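Protein chains in written order, with the numbering used here: chain A, 1 to 222; chain B, 1 to 491; chain C, 1 to 316; chain D, 1 to 434. C-beta atoms are modelled at their ideal positions from N, C-alpha and C, and glycine is treated no differently. Computed from a predicted model, the values in this text were never measured in an experiment.
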Amino acid sequence: MEEIAKILNIISICILISTFSLVASKRILSYLNAFRIQSILLAAVAAIYSVYYLVAEGKLEGIIIIFFMTVALKVIYIPKMLKKISLRVEYKVEKDFFINIPISIIICCGLVVLTWFTVSKIPLMNNGYNGIFLVQSVSVILMGLFFMISRKKAIGQIIGLLVIENGTFLTAMLLTSGMPMIVEFGIFFDLLTAVLILGIFVFRINETFEHIDINKLRNLRG
Amino acid sequence: MLFLLLLIPLAASLLFWTVKSNRKVINIINISGTSALFAVSLFILKEVLEHGKITSNALGGIFYIDAFNGLILFTTTLVTLLVSIYSTGYMNTEYDRNIVNHSSFRLYYSLLHLFIFTMILTTITQNIGLMWISIEATTLASAFLVGFYNNKKSIEAAWKYIIICSVGIAFALLGIVLLYYSAFNSLGNTLQCLNWQFLNDNAGTLHANVLKIAFIFVVIGFGTKVGLAPMHTWLPDAHSQAPSPISALLSGVLLNTAMYGIIRVMTIVNKNAGNSLFTGRLMIILGLLSVGFAAIFILVQKDFKRILAYSSIEHMGIIALGFGISSALSIFASLFHIINHSLTKSMLFAASGNVYLKYDTKKISKINGIIKVMPVTGTVFLLGLFAITGMPPFSIFTSELGITIAAFKEAKYLAAGLLLLFLTLIFAGFTSQMLGMFFGKPHKDHGIGELNRITPVVLLIILAIIAVTGLYLPPFLEKLINSARDIILQV
Amino acid sequence: MPGTFLNIMLQLIVVLIAAPLVNGIIRKIKSTIQHRKGLPVLQMYFDLFKLFRKDMVISENASWIFTASPYIFFVSVLTAFIFVPVVPQFFSFGFTGDAILVVYLLALGRFFLTLAALDTGSTFGGMGSSRELMISSLIEPSLIIIIFTLGLSSEAVSTSFQSIYSVAGSLGTGILSPVYLLLFAAIFIVIIAETSRIPVDDPATHLELTMVHEAMILEYSGRYLALMEYGASLKQLLLITIAANVFLPFGGNLVPELGFLIPVLIYLAKVLIITVMIALIEINTVKLRLFSVPNLAAIAFILALIGFMSGYLFGR
Amino acid sequence: MQKKLSEKQQEILDFVNSQVEAKGYPPSVREICSAVGFKSTSTVHSYLEKLEKNIKRLLAYSSIENMGIIFIGIGLSISAASYGYLLISALSITAALFHAFNHSIFKGLLFLGAGSIHYAAGTKDSEKLGGLIKKMPLTAIFFLTGSMSICALPPFNGFVSEWLTYQAMLLNIAAAGNLMKLVILISGALLALAGALAIYTFVKVYGISFLALPRSEHSANAVEVNKPMLSAMGILSAACVFLGLFPMLFIKLLEPVIHELGNTSIANEVSGFSSFLTYPLKVNNTSISPLVLLLLAFLLFAVLLMALLILFPKMKIRKYGTWDCGFESLDSKMQYSATGFSKPARIVFRSMLKPQRELEVLEGKKPYFISAAKYTVSTISIFEKYFYDPVIKTIMNFARKTRFIIQTGSIHTYLLYIFITILLMFVYFAISAG
């Protein structure tokens with residue numbers, strides 16, 4: 001288990017880095033790539049777990065299914081769909097972020113530090129890798145939220161949401177090697193529908209507002 | 001039995017698609033579905049009152065009803081019944097005016113019942129993971145309903161709604177994961193570890209700090225859905241843009257279910273900590289913040305549906321405050337307040353829907369003489385305003401008074417004082433803003449008379465209910481609330 | 001009980017006799033100091049007698065209020081005197097007099113006095129009553145404070161004259177403490193204001209701009225005028241009595257065996273002292289402008305308040 | 001009217017209930033101060049009364065004042081309770097409730113009276129009234145009763161409750177701590193001021209609208225109102241007198257309520273002995289007996305009358321015009337007007353009332369021969385101008401501004417809120433955990 005944890009740690013660090021790269025990237029297509037990488041790494045985590053269980057206990061855990069679903073949805077389908085949408089609605093490339101990149105990177109570092117500080121208050125977390133895992137995954141989530149805040153376009157927000165979901169999954173898998181099956185299914189289902197609905201709304205926004213710049217949706221105030 | 005609760009709305013929402021172009025059939029399906037739902041829930045309520053709790057063994061017993069979610073279920077089904085009856089009147093009028101075409105008419109009802117399905121799933125499951133899923137599902141089901149009119153504003157509202165709620169909910173999921181983790185650490189058993197009943201029984205063995213941080217995430221997550229400030233931001237937009245029956249459901253039922261989720265987790269954390277200090281503080285702060293925000297906005301709001309939306313925030317804040325104080329009295333009052341608020345507020349939204357259809361505007365300044373134009377709706381609306389601002393003899397007065405007194409008893413003078421101050425401001429806001437709508441003579445001729453026969457009846461029924469419960473609490477309800485309170489207080 | 005009634009009778013007779021004398025004495029002192037011969041001391045008796053005998057002229061605008069007021073005014077003051085024992089020995093009445101009650105009885109009298117002034121529709125009447133009411137409403141607060149303070153200082157905390165007197169009786173030379181001196185000053189101003197004396201009002205004047213009390217009774221003549229004048233002088237004696245018995249406590253604790261005469265003589269002596277003081281003040285001051293009366297009232301209020309504070313906040 | 005006021009009583013009862021329920025002992029200072037606050041506003045309002053010419057509005061103001069008195073009673077009882085003197089608190093609450101009840105009666109009476117004036121003369125403006133006492137004698141009597149009770153003149157009911165309030169104050173001063181001593185004393189002085197001003201006001205109302213000459217044809221050809229109206233007023237004024245003479249009966253009725261509130265019984269303390277003849281209202285060592293008071297007054301009156309008849313039997317009364325300084329024909333225009341009557345008060349309290357005067361003069365042929373002059377005076381309520389309005393303004397402005405600062409309409413800000421909330425919660429957790 002120890003060396004597995006080592007490997008997982010490395011992977012989760014990679015996920016963190018991929019999130020940083022996501023925050024650092026400027027174009028929607030590069031968002032998608034970053035997100036895809038992140039999802040692949042997530043799938044890898046699932047794979048490692050399933051393999052570990054296969055080897056150690058000689059039985060196929062449900063987590064293998066998570067692996068497949070992750071690959072199917074997050075690595076292949078969703079990025080494809082988002083790409084399609086963005087190609088459909090993206091007429092011209094324009095600046096898509098409020099906060100310029102270096103500052104957002106610094107802020108994200110701050111987030112990681114704060115998370116670490118908070119998690120270090122939980123004594124249970126100080127044994128083994130759990131603490132580090134939690135720090136990494138929670139900071140991934142927060143960075144996902146920050147990404148949503150800092151991006152103007154609809155697609156960016158969808159991706160941010162997905163990153164948050166990824167982070168949550170990561171937490172679940174790293175800490176508890178996956179939630180019960182039914183819950184996982186439900187979550188995946190929700191995720192899928194959410195992305196679909198959001199996609200539809202992106203189209204609607206596009207056709208009613210002639211753009212997908214969420215920052216310009218300001219009719220409802222006060 | 002429990003499965004009926006899920007099957008009926010699901011079946012209904014599918015059945016609508018079989019109907020070709022017959023609105024009558026659709027209405028029949030709609031009303032029969034909700035009334036069947038209500039009947040079943042009544043039956044279950046009887047069971048609960050007799051045996052205390054019902055568990056179904058299917059799927060590892062993830063469905064479970066005790067007094068607490070029985071209460072929520074009862075409110076849900078009652079309000080949905082009334083709202084669905086109301087919405088037949090509402091949608092017919094819209095259809096006659098060609099605001100909606102047939103397919104969207106059908107879509108509306110189908111989604112409505114899907115929405116009901118998700119909310120009921122939330123209330124009757126005891127698996128927190130499933131609860132999360134269904135709450136997320138409520139967002140998804142209602143997203144299209146919020147964006148139903150498909151104009152700029154409604155789409156914007158829907159987008160904000162779905163994005164903000166999903167983000168919040170995602171944090172709730174993180175909280176649930178942590179909860180699961182802490183259970184998983186100490187208890188190991190996998191599926192059961194998401195079973196709040198099970199968690200509640202071995203709350204002592206769980207890890208305190210993990211629970212705390214989990215609770216933080218859950219409060220933020222579900223709190224977004226409840227509309228606690230400062231995560232409330234989606235609420236006014238969604239409520240004001242959705243069709244009125246949906247607004248009624250959103251604030252009358254949806255908020256309660258989300259609140260239910262918070263409270264379930266809160267009980268576990270409280271039991272683990274042995275006191276309600278940590279959770280109580282958070283709830284009180286958030287509650288007061290919500291009431292305060294609501295007060296600010298109500299004072300200067302120009303759109304009557306938005307005013308109602310903000311008052312939903314206010315009342316959720318009051319309820320949260322009551323649970324935060326977590327003395328026997330306050331919790332009783334909060335539970336009672338949940339019922340009162342959902343009835344009153346759905347009534348108000350229904351009335352406002354009529355007004356909107358009649359005057360075809362949401363601007364307060366453009367509306368005059370409702371009482372003359374629509375006697376029943378106007379009167380009910382006016383009385384409803386007094387009810388929602390906590391005037392006797394309506395039931396909200398009772399519950400608010402209970403919460404205030406509890407706050408004093410628990411020596412939370414500051415909280416109580418602030419609450420009273422904000423309530424005063426809110427009352428001032430309501431009266432100063434809205435009373436003008438009812439009197440005087442309308443700017444242009446809208447024609448005297450109600451829109452249709454159905455809606456006034458619904459309004460009057462609800463008015464009767466809240467007036468009666470204000471003066472006299474039926475014993476079965478009292479028993480229910482009392483046992484629910486004991487569940488929350490862990491006595 | 002019969003003894004009590006006898007007492008009350010006697011004291012009523014005493015005050016009825018003494019009241020006009022006070023005015024007479026004041027006038028006399030003034031005139032002597034001004035090196036005038038002045039009216040005889042008993043002048044007021046003659047006036048009253050004459051007025052009682054005279055016929056009356058009543059305005060045709062007047063209603064029954066005009067007729068009733070003199071009686072009510074007179075009787076209310078006289079009733080007040082029932083509750084104010086002129087001699088500390090005389091309590092034994094079932095319900096001892098209450099200071100606040102007395103204040104309100106005087107208010108009753110004032111109410112009708114002012115109404116009657118308005119009744120004839122004469123401009124003077126309106127002017128007089130509005131001024132009178134203004135002055136009285138300015139004086140009232142300090143009066144209440146004085147009563148409270150005295151009531152507090154009795155060991156049985158109450159506003160009954162019994163306990164108020166008992167304070168005075170028990171104090172002896174303690175009466176020279178700042179509390180009582182301040183209160184005395186305050187009540188003195190109150191007396192001057194209530195009895196329409198210089199510097200608040202001039203009983204001798206009949207100039208529109210200056211008169212207050214006179215303006216009110218301008219329309220009266222004959223018997224009613226007599227009653228009004230008599231009532232006014234009784235009221236003045238009442239206030240003087242209270243002041244005298246509270247703030248000049250000597251003789252307060254005489255044994256009742258002395259019978260009736262000596263205490264009454266002592267009482268009259270006390271009244272004389274206060275009367276002289278009033279007279280001296282009246283000579284040595286000029287009448288204030290009507291709208292500087294508030295300042296006087298403010299002074300009275302401040303005195304009373306400081307008295308209270310020095311007694312109850314800083315002291316104990 | 002009655003109903004409304006009994007609601008007022010109800011509301012006060014609720015207030016007390018909630019206070020007592022809310023905290024085993026109620027906190028003192030806040031309530032007292034609130035009570036005193038009430039009082040001072042009430043005084044100001046009774047300043048306003050004097051300037052108010054519309055009778056009904058004037059009555060409304062005086063309602064405010066009486067509410068102030070009632071709330072003083074409540075505040076006193078709470079403070080006494082907080083110092084642990086249950087009896088005193090019970091006494092104070094008795095006073096408050098008694099006054100509430102009395103107020104409902106005489107204010108009802110006065111409103112009915114004002115109503116019938118309006119009905120008979122067709123105007124509420126006392127400048128247009130006058131001489132009604134001859135036109136509508138019964139109404140005049142009833143209105144007089146009401147005015148005397150509201151001015152707390154013995155032997156009417158208003159006096160008893162105000163007397164009780166004074167006694168409660170005295171005992172509270174004896175009981176309370178230093179600061180409270182002063183506060184209560186001041187409120188007592190204010191109460192006295194308010195009482196005196198009430199007399200001022202109602203003398204004005206009665207004198208201007210009922211006495212002297214009619215100031216307009218409105219009142220000139222007014223007639224007595226019909227029997228039902230009269231009987232209603234009659235019953236109320238009877239109640240005023242009755243409650244004034246037998247206060248103990250009402251206090252006995254109040255007993256259970258007081259007992260429930262402060263769980264101490266008061267009636268036995270208040271009453272010395274309850275032989276029906278002299279029903280003295282006895283609060284420690286001092287007592288009044290309105291009934292005996294009245295009897296004695298009548299006795300004296302009888303004696304006086306007899307003496308006068310015996311001593312000076314023959315007396316002729318001659319009717320003649322009011323003295324008009326030798327002018328011819330004094331007419332109603334020369335009478336004192338309500339505005340003029342309240343002028344001194346306006347000058348004295350000018351700092352509070354800020355009266356604004358304007359004098360319009362229509363010149364005649366020559367500058368010194370004025371053909372017409374119009375003098376109007378208006379006052380502002382200092383509380384509205386310097387307290388309520390600014391507070392409301394600030395709140396509203398704040399709301400207007402913050403509204404768009406909070407609900408900017410940009411979803412990014414909304415997400416930012418969530419973000420910040422999470423971070424704050426982290427900090428809170430870190431603090432509470434570590």
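Closer than 7 Å to chain D by CB, residue i
{"i": "Asn150(B)", "result": "no"}
{"i": "Arg88(A)", "result": "no"}
{"i": "Met231(B)", "result": "yes"}
{"i": "Val202(A)", "result": "no"}
Helix, strand or coil at residue i according to DSSP, with G and I counted as helix
{"i": "Leu313(C)", "result": "coil"}
{"i": "Thr94(D)", "result": "helix"}
{"i": "Lys216(A)", "result": "helix"}
{"i": "Ala212(D)", "result": "coil"}
{"i": "Lys354(D)", "result": "coil"}
{"i": "Ser34(D)", "result": "Residue placement at Ser34(D) is poorly supported in this model, since its pLDDT is 44, which falls under 50; the coordinates are not used for a value here."}
{"i": "Pro363(D)", "result": "Per the sequence presented here, residue 363(D) reads as Glu, with Pro not at that position. Three-state result, Glu363(D): strand."}
{"i": "Met56(C)", "result": "strand"}
{"i": "Asn23(C)", "result": "helix"}
{"i": "His96(A)", "result": "According to the sequence shown, residue 96(A) is Asp rather than His. Here Asp96(A) sits in coil by DSSP."}
{"i": "Asp331(D)", "result": "coil"}
Residue i versus the options, residue with shortest Cα-Cα distance
{"i": "Thr70(A)", "options": "Cys14(A), Val113(A), Phe97(A), Glu165(A)", "result": "Glu165(A)"}
{"i": "Glu208(C)", "options": "Gly125(C), Thr275(C), Ser76(C), Ile164(C)", "result": "Gly125(C)"}
{"i": "Leu107(B)", "options": "Phe68(B), Asn27(B), Ile54(B)", "result": "Asn27(B)"}
{"i": "Phe439(B)", "options": "Glu410(B), Pro375(B), Leu463(B)", "result": "Pro375(B)"}
{"i": "Val202(A)", "options": "Ile338(B), Gly227(B), Ala143(B)", "result": "Ala143(B)"}
{"i": "Ala232(C)", "options": "Thr4(C), Met9(C), Phe5(C), Leu48(C)", "result": "Leu48(C)"}
{"i": "Arg400(D)", "options": "Ala387(B), Lys302(B), Ile325(B)", "result": "Lys302(B)"}
{"i": "Ser59(C)", "options": "Ala212(D), Gly340(D), Ala96(D)", "result": "Ala212(D)"}
{"i": "Gly287(B)", "options": "Val226(B), Lys358(B), Ala242(B), Gln241(B)", "result": "Val226(B)"}
{"i": "Ala141(B)", "options": "Leu71(B), Pro230(B), Pro9(B), Ile31(B)", "result": "Pro9(B)"}
Any chain B beta carbon closer than 7 Å to residue i
{"i": "Ile422(D)", "result": "yes"}
{"i": "Gly186(A)", "result": "yes"}
CB contact check: residue i to chain A, cutoff 7 Å
{"i": "Asn57(B)", "result": "no"}
{"i": "Thr310(B)", "result": "Looking at the sequence itself, residue 310(B) is Tyr, so the reference to Thr does not match. Not one chain A Cβ lies under 7 Å of Tyr310(B)."}
Chain B residues whose Cβ lies nearer than 7 Å to that of residue i
{"i": "Ile197(A)", "result": "Leu140, Ala143, Ile162"}
Below-7 Å beta-carbon distance, residue i vs any chain G residue
{"i": "Glu61(A)", "result": "No chain G is part of this structure, whose protein chains are labelled A, B, C and D."}
Three or more C-beta pairs below 8 Å linking the segment 189 to 197 of chain D and the segment 92 to 102 of chain D: no
At least 3 beta-carbon pairs within less than 8 Å: the segment 64 to 84 of chain A vs the segment 36 to 44 of chain A: yes
Contact between the segment 299 to 308 of chain C and the segment 185 to 199 of chain C (3+ Cβ pairs under 8 Å): Taking a contact to require three or more Cβ pairs closer than 8 Å, the segment 299 to 308 of chain C and the segment 185 to 199 of chain C qualify as touching.
Three CB pairs or more closer than 8 Å across the segment 197 to 204 of chain B and the segment 108 to 121 of chain B: no
Three CB pairs or more closer than 8 Å across the segment 179 to 192 of chain B and the segment 402 to 420 of chain D: no
Contact between the segment 140 to 160 of chain D and the segment 284 to 293 of chain D (3+ Cβ pairs under 8 Å): yes
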